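Numbering (mature numbering (1 follows the signal peptide of the UniProt record, and there is no 0)), first residue to last: -19 to -1, 1 to 114.
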């Protein structure tokens, strides 16, 4: 019988947001259905959405298949990668978080930074639980 784990549940929350969030944010007229976007931009958008789904699903699998330190480490890293790469995208030349005439500097921060914080908290809690046995 598996013991309940707040830590794994918190990381799972981030994993679900990682898997579903890109589709919720981008499957609309501003991204996937934007006639102004060239096909190659849509390709990269699809790649990003699929990556989020793959990272989120794989994170959940690592977290819940068996409660081990290796599964926890992998699950937490996988749950975090999408958000870390989203933040790092701002470092590329000419990159912006929004298209003109958007005025927000980085609206994704409302999700990216809390997702990383929730994952970190979940990781600490689950490590402690695993150490207790």
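All residues carry an ideal CB built from backbone N, CA and C; glycine is no exception. Bear in mind that the values here come from a model prediction, so they are computed numbers and not experimental data.
Sub-8 Å separation of residue i and residue j beta-carbons
i           : j          : result
residue 103 : residue 63 : no
residue 69  : residue 41 : no
residue 97  : residue 61 : yes
residue 84  : residue 59 : no
residue 1   : residue 44 : no
residue 30  : residue 3  : yes
residue 12  : residue 26 : yes
residue 53  : residue 10 : no
Residue range of the unbroken alpha helix (DSSP H) whose run includes residue i
i           : result
residue 26  : 20 to 46
residue 50  : 50 to 69
residue -16 : Careful: residue -16 lies outside any alpha helix (DSSP H) and carries neither H nor E.
residue 94  : 90 to 113
Spatial distance of residue i from residue j (CA atoms)
i           : j           : result
residue 73  : residue 22  : 16 Å
residue 18  : residue 35  : 24 Å
residue -19 : residue -7  : With a pLDDT of 38 at residue -19, under the threshold of 50, the modelled position of that residue is not reliable, and the figure given next carries that caveat. Rounded to whole angstroms, residue -19 to residue -7 spans 22 Å at the Cα level.
residue -14 : residue 8   : 31 Å
residue 89  : residue -3  : 13 Å
residue 113 : residue -16 : 14 Å
residue 71  : residue 5   : 21 Å
residue 93  : residue 57  : 14 Å
residue -11 : residue 81  : 38 Å
residue 16  : residue 66  : 26 Å
residue 20  : residue 78  : 20 Å
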